[in-house]
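Engineer: Numbering (numbering that gives the first Met the number 0), first residue to last: 0 to 324.
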Amino acid sequence: MSEVYLKIYRGYANLNSVEVFGHVIKNKNLESNSFEHNRWKYAFYMIRMFMIKPLEDIEVNFNFNGVQSSTTTMSDGFYHFSVPLHKPLSPGWHRFEVSVNWGDEKITRTEEFFMSFPGEYGFISDIDDTFLISHSSNFFKKLFVLLTNNIHRRKIFEDVVEHYRLLSKASRIHDEGSNLFFYVSSSEWNLYSFIDKFTALHGFPKAIIKLKKIKKGLGDFLLTGRGNHDHKFEKIATILNFYPGVSFTLLGDDSQKDPFIYQKIVQEFPDRIKAIYIRQTKIEKRQEAVKILSEIKKFNVACCYFKDSLEAIRHSEKIGLLEFS
């Protein structure tokens with residue numbers, strides 16, 4: 000077994016460049032475990048995902064159709080490629096290769112990046128309590144669910160998959176391609192594999208996933224998803240700058256800071272946001288969220304503060320977001 004574990008995530012591209020990222024960590028044989036374990040075995044596995052050792056200053060190599068690039072990992076094991084594209088690419092998913100040399104061993108993994116289809120819409124969604132029921136506002140309940148409910152026991156909101164599927168095909172001609180879809184969360188990169196498998200299991204649109212800085216200890220695990228959320232603003236802003244001709248819709252919830260973050264995005268990019276969807280997670284609407292959304296509407300952004308996803312679907316139909324070319 001190799002001493003190095005090369006983690007690689009789905010990337011994305013525009014006409015000029017492709018963005019690819021991942022981590023290099025000391026191998027803890029994580030892939031031999033399963034998100035389907037029950038109770039204590041599953042809890043032990045989830046904790047192990049946070050008890051990792053990132054590897055710094057490791058050279059990582061990128062290859063796509065003969066286009067090659069190299070970079071080195073940062074202190075948290077993270078690597079990032081921004082590779083110029085000199086030839087036009089067809090829209091859709093493209094497979095690329097990333098490798099690491101470790102002694103006499105070459106470790107190679109493949110993943111895909113998405114070249115967007117011509118069109119005007121993109122979608123950026125939060126994860127916890129936006130489509131995955133996580134109880135983010137209740138620390139102990141969130142931790143209990145994270146540790147005891149495996150991938151088959153975790154729950155999603157009713158009709159949320161249908162809403163996201165409709166959004167992924169909005170404005171597309173017949174069944175040609177799909178819209179840009181990103182999942183941006185304050186969960187850490189440690190949970191990438193779980194999120195990727197969970198969204199695939201439930202039939203969510205295939206998306207690029209962008210998460211928070213990787214954690215590497217038990218103390219970090221106990222604070223998963225908490226702390227500063229500024230990284231979400233930065234990641235969303237990076238996406239908007241990368242796709243300047245695309246009108247984005249933002250989806251989140253009222254359990255943490257999404258309304259504040261999305262308001263800041265609208266203020267920074269006043270003509271780039273088509274609509275904002277905020278899920279109501281408590282019995283009563285939060286007055287803070289109501290006030291923020293009313294301010295956002297002044298920028299001519301359609302807003303929906305909803306309890307059930309059917310309400311969000313009806314709103315998307317009403318504003319013409321689900322019209323098909």
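Cβ atoms here follow ideal geometry from the backbone N, Cα and C, with glycine treated the same way. Computed from a predicted model, the values in this text were never measured in an experiment.
(1) Within the same chain, show all residues whose beta-carbon is closer than 8 Å to that of Ser246, passing over the 5 residues directly before and after it, in chain order.
(2) Any idea if Thr109 is buried or exposed, counting beta-carbon neighbours within 10 angstroms, 16 or more meaning buried?
(3) Taking contact to mean 3 or more Cβ pairs, one atom from each stretch, closer than 8 Å, check whether the segment 155-169 and the segment 198-215 are in contact.
(4) The alpha helix (DSSP H) that contains Val289, what's its start and end?
(5) Rounded to whole angstroms, what's the CA-CA distance from Gln67 to Asp307? Just pull it up for me.
(6) Could you say which of Tyr304, Thr280, Met45 and Lys154 lies nearest to Lys290 if we only look at CA atoms?
(7) Is Gly102 buried or exposed, if buried means 16 or more other CB atoms sit within 10 Å of its CB?
(8) Name the two residues that bound the continuous beta strand (DSSP E) containing Gln67.
(9) Put Ile207 into one of helix, strand or coil per three-state DSSP.
(10) Check His173 in the structure and name its three-state DSSP category.
(11) Determine the DSSP secondary structure at His162, reduced to helix, strand or coil.
(12) CB-CB under 6 Å to His162, same chain, minus the five flanking residues each way: which ones, in chain order?
(13) With DSSP run on the structure shown, which of helix, strand or coil describes Lys234?
(14) In chain order, what are the residue ranges of uninterrupted beta strand (DSSP E) at least 3 long that sit wholly in the segment 67-146?
(15) What would DSSP say about Asn60, mapped onto helix, strand or coil?
(16) Taking Lys6 as the reference, give the member of Ile213, Leu292, Arg285 and Asn299 with the closest Cα.
(17) How about His93 and Phe112: are their beta carbons less than 7 Å apart?
(18) Mind checking Gln266: buried by the 16 CB within 10 Å criterion, or exposed?
(19) DSSP puts Tyr276 in a beta bridge; with which residues?
(20) So for His314, helix, strand or coil by DSSP?
(21) For Gly341, is the classification buried or exposed, using 16 other Cβ atoms within 10 angstroms of its Cβ as the cut-off for buried?
(22) Bridge partners of Ala12, per DSSP?
(23) Among the candidates Val17, Gly10 and Ser254, whose CA atom is the shortest distance from the CA of Lys141?
(24) Excluding the five sequence neighbours on either side, which residues of its own chain have a C-beta within less than 8 Å of the C-beta of His201, listed in chain order?
(25) Helix, strand or coil for Lys212, going by three-state DSSP, please let me know.
Structural biologist: Looking at the coordinates:
(1) Here residue 246 corresponds to residue number 247 of the sequence shown, with the count starting at 1. If we look at Ser246 and ignore the five residues flanking it on each side, its Cβ neighbours are Glu119, Tyr120, Gly121, Arg271, Ile272 and Lys273.
(2) Residue 109 sits at position 110 when you count from the first residue of the sequence shown. When all chains shown are included, Thr109 counts as exposed.
(3) yes
(4) Here the question's residue 289 lines up with position 290 in the sequence shown. Gln286 to Ile295 is the extent of the alpha helix (DSSP H) around Val289.
(5) As a working note, residue 67 is residue 68 in the sequence shown. As a working note, residue 307 is residue 308 in the sequence shown. Gln67 and Asp307: Cα-Cα distance of roughly 47 Å.
(6) Working through the sequence shown from its first residue, we reach residue 290 at position 291. When each option's Cα is compared against that of Lys290, the closest is Tyr304.
(7) Your numbering for residue 102 matches position 103 in the sequence shown. Burial call: exposed.
(8) Translated into the one-based positions of the sequence shown, residue 67 becomes position 68. Taken as a continuous stretch (DSSP letters only), the beta strand (DSSP E) holding Gln67 covers Val66 to Thr71.
(9) Numbered from 1 along the sequence shown, position 208 holds the residue referred to as residue 207. Reduced to three states, the DSSP call for Ile207 is strand.
(10) As a working note, residue 173 is residue 174 in the sequence shown. Model confidence at His173 stands at a pLDDT of 48, short of 50, so the residue's coordinates are unreliable; what they give is reported in the following sentence. Coil.
(11) Working through the sequence shown from its first residue, we reach residue 162 at position 163. If DSSP states are grouped into helix, strand and coil, His162 belongs with the helices.
(12) Here residue 162 corresponds to residue number 163 of the sequence shown, with the count starting at 1. Counting only Cβ-Cβ distances below 6 Å, and skipping sequence neighbours, we find Ser308, Ala311 and Ile312.
(13) Position 235 of the sequence shown holds residue 234. The answer is helix: DSSP assigns Lys234 an H, G or I state.
(14) 77-83, 91-101, 104-114 and 120-124
(15) Along the sequence shown, one-based indexing puts residue 60 at 61. In this structure, Asn60 counts as strand in the three-state DSSP scheme.
(16) Locating residue 6 in the sequence shown gives position 7, counting from the first residue. For Lys6, the nearest C-alpha among the options comes from Ile213.
(17) Position 94 of the sequence shown, counting from 1, holds the residue named residue 93. Position 113 of the sequence shown, counting from 1, holds the residue named residue 112. In this structure, Phe112 lies closer than 7 Å to His93 by Cβ.
(18) If you number the sequence shown from 1, residue 266 lands on position 267. When all chains shown are included, Gln266 counts as exposed.
(19) For the purposes of this step, residue 276 is taken as the residue at position 277 of the sequence shown. Per DSSP, Leu250 and Cys303.
(20) Position 315 of the sequence shown, counted from the first residue, corresponds to residue 314. If DSSP states are grouped into helix, strand and coil, His314 belongs with the helices.
(21) Shown here, the chain extends from 0 to 324; a query on residue 341 therefore has no answer.
(22) Position 13 of the sequence shown, counted from the first residue, corresponds to residue 12. The partner list for Ala12 (beta bridge, DSSP) reads Val17 and Met114.
(23) In the sequence shown, residue 141 corresponds to position 142, counting from 1. Nearest of Val17, Gly10 and Ser254 to Lys141, Cα basis: Ser254.
(24) Position 202 of the sequence shown holds residue 201. Within the same chain, His201 has close Cβ partners Ile155 and Val160.
(25) Numbered from 1 along the sequence shown, position 213 holds the residue referred to as residue 212. In this structure, Lys212 counts as coil in the three-state DSSP scheme.
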